Amino acid sequence: MNSKKQDWENALLQETASYYPQAEKALLQLLSIPSVEEAAVPGAPFGEPVHQALSQFAQLAAGLGLQVSQTEHYITIDLGDGESLEAVGILAHADVVPFGEGWHFAPTGQLVDDVDGCKIYGRGSLDDKGPAVAALFALSALKRLQAPLSRPVRLIIGGNEESGCQCIKKYAAEHQPPALGFSPDANFPVIFAEKGIAMFHLTLPIPMNGEAARLLALQAGTVVNAVPGKAEATVLLPGGQCELSCIGKAAHGSQPEKGQNAAAAMLQNLLSLPLAPAELEVCRRLYQLFGRDYLGEAAGLAQTDEVSGQLTLNLGILKLQPEKEQLTVDLDLRYPVTADYTTIYQRLTAVCQENGWQIQETEHKAPLYVPTDEKPVTTLLQLYQEYDSTAQPIATGGGTYCRAFANFVAFGPLRPGMADVMHQADEFITRQDFQFLQRIYTQAIWRLAR
């Protein structure tokens, strides 16, 4: 980097640092909005809380003097002409997964000082309100200093990344795509490949044939893309009705190995109880096929590739519908970028049909792969290597907005060694890491757009 460009970057970093208190206040305001998707209402297709969060982002951006356009599904925040085919894009989201249980601090935002410094707790602090706020204030620094950019920049903030990405699909249908960019919604150093994602809804009949039910209730999980941290059941035993509870460890559905699936644990425990034969059989087959392992081995789905690693399968939601004599199950499958999805789908369908189960594909996203010797991977990796010279690009099972456009990759917010509490109780980001995001996103936008 020549001295003039280095001087500009140093000035931008100083400007970014002057925003630290204001950015923290903005993040806490956004965390106070429980922007979990709800039923659509007029003007708010993802529910009123998500609409409030999008509006709060728009208000913050306008207060910083940035160009803002708000729709029902997403907002855009621009430096220059964001419609340009040469634009740099940043893709973030305002919605969050449900809070869940097990919190020790306020999921709607709380500052806590401990031996590790100040932590900002709240659902969305890491995924994705914290990174989105960092990117927003990076744009503000670029605007205030009137940094000389060769490309316009557009920050796009969507409203339902956690539950279908209809927002970014809507954007892609209504606008020209940016030339390249990143999403601050996964891991550093830089993610060049994302596995394919498929979600399935299964219906498992329990033919009681007039026999009295002994499994009266069963529930685990609230969203398919998270490992259930708790499962509950009600069972009628010879001595009376019994309430059962299994506590696991929640984790992101793309990394089931980091969690302990409470739904699977409950199924295993139910097999030791005197349930009706039909109830035992469905629990046994479900546990054997989808509960005992998260690699799809029992179902004949296991496979791997050198680019992105192993297929994973998460049993995300389990629910008994006693009035219909059936169980419903939601599965989250992540498959390697070079795998053939048609073959995977056919095998899973065959397994379900063999057991008399109905299967419905509820979502499918093709894999993402950007070669490591192309932009923006090269630019972002070089930047991160200035903080960690050993850093190398990585592949992941996570899914981001990057799949919506060519030449987009995920860039942060999780650094190696950071606690990954996305989708978990007590989600937090440290003040130090939040400020790091503001600095590195300022540098990333500047380098991609200059």
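For the sequence shown, the residue numbers in numbering that gives the first Met the number 0 are 0 to 449. Ideal Cβ positions, reconstructed from N, Cα and C, are used throughout, including at glycine. Fair warning: this is a prediction, and the values are worked out from it, not measured in the lab.
According to the DSSP assignment, residue 340 belongs to the alpha helix (DSSP H) that extends over 340-353. Nearest in C-alpha terms to residue 258, of all of 390, 276, 354 and 229, is 229. DSSP places residue 389 outside any alpha helix (DSSP H), giving it a letter other than H or E. DSSP places residue 197 in the strand class (E or B) of the three-state scheme. Residue environment: residue 246 is assigned as exposed (fewer than 16 neighbouring CB atoms within 10 Å of its CB, all protein chains considered). Shown here for residue 139: same chain residues with a beta carbon closer than 6 angstroms to its own, the five before and five after excluded, namely 63 in chain order. Ranked by how close their Cα comes to the Cα of residue 421, the residues 197, 94 and 375 have 94 in first place.
Residues 30, 31, 33 and 121 of the same chain have their beta carbon placed closer than 7 angstroms to that of residue 107, with the five preceding and five following residues left out of the count. The region 315-329 makes no contact with the region 174-190, as fewer than three CB pairs between them are under 8 angstroms. When only Cα atoms are considered, residue 213 and residue 71 end up about 46 angstroms apart. Contact annotation: residue 392 and residue 377 have beta-carbon atoms that are not nearer than 7 angstroms.
With at least 16 other beta carbons inside 10 angstroms of its own, residue 397 counts as buried. Boundaries of the beta strand (DSSP E) around residue 311: 311-320. Annotated three-state conformation of residue 70 is coil, per DSSP.
Judged by beta-carbon spacing, residue 46 lies beyond the 7 angstroms limit of residue 92, meaning their Cβ atoms are not closer than that value.
Counting only residues of its own chain and dropping the five nearest sequence neighbours on each side, residue 260 has a CB closer than 8 angstroms to the CB of 226, 227, 247, 290, 293, 313 and 314. Fully contained in the region 48-133 is no alpha helix (DSSP H) run of length 4 or more. Going by DSSP, residue 165 is part of the alpha helix (DSSP H) stretching over 165-173. If you check the CB distance, residue 86 and residue 409 do not come in under 7 angstroms.
For residue 359, the uninterrupted beta strand (DSSP E) run begins and ends at 357-364, by DSSP. Here the C-alpha atom of residue 146 lies approximately 56 angstroms from the C-alpha atom of residue 297. Annotated three-state conformation of residue 204 is strand, per DSSP.
For residue 333, the uninterrupted beta strand (DSSP E) segment begins and ends at 325-334.
Per the coordinates, the alpha-carbon of residue 175 lies some 33 angstroms from the alpha-carbon of residue 23. Residue nearest to residue 395 within the set 83, 191 and 53 is 191 (criterion: CA-CA distance). Contact between residue 133 and residue 407 is ruled out by a C-beta separation of about 18 angstroms, above the 8 angstroms threshold.
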